[in-house]
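Chemist: I'd like to ask some things about the structure below.
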Amino acid sequence: MLYCPPNLAFKDTAAMLDFIEQEPFGCLVSYPFFCSYLPWQLKRQEGEKGVLYGHLARQNPQLRQLAEQAAAQATAQQVLITFTGPHAYISPRYYAAAKAVPTWNYAVVQVIGQVQLLDAADTLWAVQEQLLQYETSAALRAEKMPAAYLQQLAASIVGVKVTISELAGKVKLGQQRSQADQQGVFAALSQSERYSERALAQWMAQQVIGTGW
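Counting in this note's numbering, the sequence shown runs from 1196 upward without gaps.
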């Protein structure tokens, strides 16, 4: 898991789960090292710490790797999933302090969990659940994604279920610096021409962290 000084940690598990729901595009890492970037759906009420659902293309070598290891091992394989939010370079010129060095500000949550591959029925269910989350219009789903069409496409993917066993998160937004330094960083990011920097400022404001307020 990631290195995180206590003063930069997420305040609690609920805050980390909130972050995953806000930033659901995560990197699935398995061993021998292979990674896939996937959208995930979090089910908080499943398991002790929550369960994540995603899917892999049948042609993805990581799927074959996971299937082979599942057949060879008596216990479920552990995987790592990393979720990253907005991030940005922080210039020393943003600070009120006379001396400073550049850094990078960001927020990230990591999950370690046991992976399970889903059968065809559960894969289709997971896909439909994810569609319900993002496509709220029943009429649109019926028109664009009829059941028979979804079932046909689902044959080319395999659902992945990850039961969360460990969570860790880091919120590095300069909150340990002086109020003047925080205000300088927040103002610079808010007024930046770069979308990623404005997005980081917006997230800082939502969380009331590192803004100097």
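Yeah, the Cβ is synthetic: ideal placement off N, Cα and C, and Gly gets one too. Predicted model only: the values in this text are computed from it and were never measured.
Cutting at 6 Å between CB atoms, please list the residues of its own chain near Ala1302, excluding the five before and the five after it.
Modeler: Gly1280 and Val1366
Chemist: Where do the N-terminal and C-terminal ends of the alpha helix (DSSP H) with Ile1215 fall, by residue?
Modeler: Boundaries of the alpha helix (DSSP H) around Ile1215: Thr1208 to Gln1217.
Chemist: For Tyr1329 and Ser1373, I'd like the C-alpha separation in whole angstroms.
Modeler: 40 Å
Chemist: Where does Gly1405 sit, in a helix, a strand or coil, going by DSSP?
Modeler: coil
Chemist: Three-state secondary structure (DSSP) at Thr1331?
Modeler: coil
Chemist: Pick helix, strand or coil for Ala1400, following the three-state DSSP scheme.
Modeler: helix
Chemist: Based on the DSSP output, what are the partners of Lys1356 in its beta bridges?
Modeler: For Lys1356, which the question treats as bridged, DSSP gives the partners Tyr1248 and Gln1311.
Chemist: According to DSSP, simplified to helix, strand and coil, what is Pro1281?
Modeler: strand
Chemist: Is the segment 1377 to 1384 in contact with the segment 1286 to 1302, if contact means three or more CB pairs nearer than 8 Å?
Modeler: yes
Chemist: Go through its chain and collect everything with a Cβ distance to Ile1276's Cβ below 6 Å, but skip five positions before and after it.
Modeler: Its chain contains Gly1221, Leu1223 and Val1306 as the residues whose beta carbon lies nearer than 6 Å to that of Ile1276, once the 5 sequence neighbours on both sides are disregarded; these appear in chain order.
Chemist: Measure from the alpha carbon of Gln1323 to the alpha carbon of each residue in Val1304, Gln1311, Gly1308 and Ala1343, then state which is nearest.
Modeler: Ala1343
Chemist: Cutting at 7 Å between CB atoms, please list the residues of its own chain near Arg1336, excluding the five before and the five after it.
Modeler: Leu1326 and Glu1330
Chemist: Between Gly1242 and Thr1358, is the Cβ-Cβ spacing less than 8 Å?
Modeler: yes
Chemist: Rounded to a whole number of angstroms, what is the C-alpha to C-alpha distance between Glu1392 and Pro1200?
Modeler: 24 Å
Chemist: Taking the alpha carbon of Phe1205 as the point to measure from, which residue in Gly1407, Leu1362, Pro1297 and Glu1388 has its own alpha carbon closest?
Modeler: Among Gly1407, Leu1362, Pro1297 and Glu1388, the Cα nearest to that of Phe1205 belongs to Leu1362.
Chemist: By how many angstroms is the C-alpha of Val1403 removed from the C-alpha of Asn1255?
Modeler: 40 Å
Chemist: Indicate the three-state DSSP secondary structure (helix, strand or coil) for Thr1198 in the structure shown.
Modeler: The question names Thr, but residue 1198 is Tyr in the sequence shown. It is coil, neither helix nor strand.
Chemist: Tell me whether the beta-carbon of Lys1244 lies closer than 8 Å to the beta-carbon of Leu1313.
Modeler: no
Chemist: Here's the rule: buried if 16 or more other CB atoms are within 10 angstroms of the residue's CB, otherwise exposed. What is Trp1398?
Modeler: Per the 10 Å Cβ criterion, buried.
Chemist: Please report the straight-line C-alpha distance between Ala1293 and Ala1383, rounded to a whole angstrom.
Modeler: Approximately 17 Å, taken between the alpha carbons.
Chemist: In whole angstroms, what separates the C-alpha of Thr1208 from that of Leu1258?
Modeler: 29 Å
Chemist: Taking the beta strand (DSSP E) that Gly1221 belongs to, which residues open and close that run?
Modeler: Phe1220 to Ser1225
Chemist: Alpha carbon to alpha carbon, how far is Pro1227 from Ala1252?
Modeler: 19 Å
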